[in-house]
Amino acid sequence: MSVGEDRAMSWVKENVQQFLPGTKIRGIAVGNEILGGTDIQLWEVLLPAAKNVHNALSKLGLAKNVQVSSPHSEAVFANSFPPSSCTFKEDVLPYMKPLLQFFSQIGTPFFINAYPFLAYKNDPQHIDLNYALMEKSPGIYDAKTKLHYGNMFDAQVDAAYAALEKVGFGKMEVIVSETGWASRGDDNEAGATIKNARTYNLNLRNRLLKKKGTPYRPKKVVRAYIFALFNENSKPGPTSERNFGLFKADGSIAYDIGFTGLVPSSATSSLISFKVVGTSFVLAFTSLVPLFL
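So, in structure tokens, the structure goes:
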């Protein structure tokens with residue numbers, strides 16, 4: 008879609024416009040975790056692709072309701088501990104800054120895929136499991152900001168805010184486009200259990216229900232998407248990659264985090280209840296459970 012607006016226009020008409028307004032489509036992710044990845048060619052075409060998709064939406068009168076974004080992984084950061092020290096990697100910056108400038112112009116937040124599970128899995132000897140799970144723990148103290156963090160999720164969000172601030176985008180909102188915990192893993196994947204997955208996602212749900220901010224941005228309500236709705240049983244890689252879902256691939260429940268309507272009979276009947284729970288839960292995608300959109 009970076010080659011020209013004609014291809015982007017065709018794609019938007021085929022995959023977005025024809026489903027509106029019957030289907031609520033609130034955003035388009037142009038790529039996922041592109042910057043910081045191994046394919047430099049994709050880095051180079053990310054911004055042109057995002058611009059072409061946005062231009063197509065604008066010409067069709069859809070840009071006001073359908074947002075263009077591009078989620079990032081923690082791989083875009085050179086350092087994220089403590090949160091206030093977080094910076095973007097030097098090789099990422101030449102691509103990140105123009106992308107941020109464009110997203111700032113069209114009102115798109117910064118989307119980050121934040122996974123305390125991955126951090127804990129990679130360093131279980133030095134990371135407190137309770138801190139990663141949002142359970143009671145001593146937490147960490149950021150000496151520069153004099154702020155205390157009781158859980159890693161908040162620390163990861165504020166690390167993103169710190170990195171944005173350092174490159175002149177301190178007012179840009181951070182939204183967690185993915186977060187979750189694997190319910191199964193290989194022998195060398197520490198913490199990947201049903202108990203931990205349920206604990207993390209339940210604590211995340213309860214934390215978001217409070218509609219509060221982070222230590223560094225206390226007035227900015229955190230918004231997040233749980234990854235994932237379904238296990239991806241055909242996904243390659245370690246066992247954990249196939250076990251992030253609230254549902255198993257056959258539609259049965261992997262574990263319950265308290266959503267009204269989650270029943271063991273089938274995924275189809277359960278999905279209906281996600282459309283509205285109170286005023287805050289809306290099912291917008293098949294793989295993500297959005298909270299507070």
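All the letters of the sequence shown, read from the start, carry residue numbers 8 to 300 under our numbering. Built from N, CA and C at the ideal position, the CB exists for glycine as well. Since we're looking at a predicted model, the values are computed, not measured.
Just verifying my parser: in three-state terms, what is the DSSP assignment at residue i?
i       : result
Val-183 : strand
Leu-154 : strand
Asn-36  : Just to set this straight, residue 36 is Ala in the shown sequence, not Asn. Ala-36: strand per DSSP, three-state reduction.
Ala-189 : coil
Ala-231 : strand
Measure the C-alpha to C-alpha separation of residue i and residue j and round it to an integer number of angstroms.
i       : j       : result
Asn-203 : Ser-77  : 29 angstroms
Met-159 : Gly-244 : 25 angstroms
Asp-130 : Ala-189 : 16 angstroms
Thr-206 : Leu-140 : 7 angstroms
Gln-163 : Val-23  : 32 angstroms
Pro-225 : Arg-14  : 42 angstroms
At which residues does the alpha helix (DSSP H) containing residue i begin and terminate?
i       : result
Asn-86  : Here Asn-86 belongs to no alpha helix (DSSP H); instead the beta strand (DSSP E) covers 84–86.
Ile-201 : 201–216
Phe-160 : 159–173
Tyr-102 : 100–113
Tyr-138 : 136–140
Ile-47  : 47–66
Within 10 angstroms of the Cβ of residue i, are there 16 or more other Cβ atoms? Answer buried if so, exposed if not.
i       : result
His-79  : buried
Arg-230 : buried
Tyr-148 : exposed
Ser-247 : buried
Arg-249 : buried
Lys-66  : exposed
Asn-86  : exposed
Pro-89  : buried
Which whole-angstrom value describes the C-beta separation of residue i and residue j, a residue pair presumed to lie in contact below a C-beta threshold of 8 angstroms?
i      : j       : result
Leu-42 : Tyr-102 : 6 angstroms
Would you give the residue range spanned by the beta strand (DSSP E) that residue i belongs to?
i       : result
Gln-74  : 74–76
Phe-117 : 117–120
Asp-13  : Careful: Asp-13 lies outside any beta strand (DSSP E), inside the alpha helix (DSSP H) at 12–22.
Tyr-148 : 147–149
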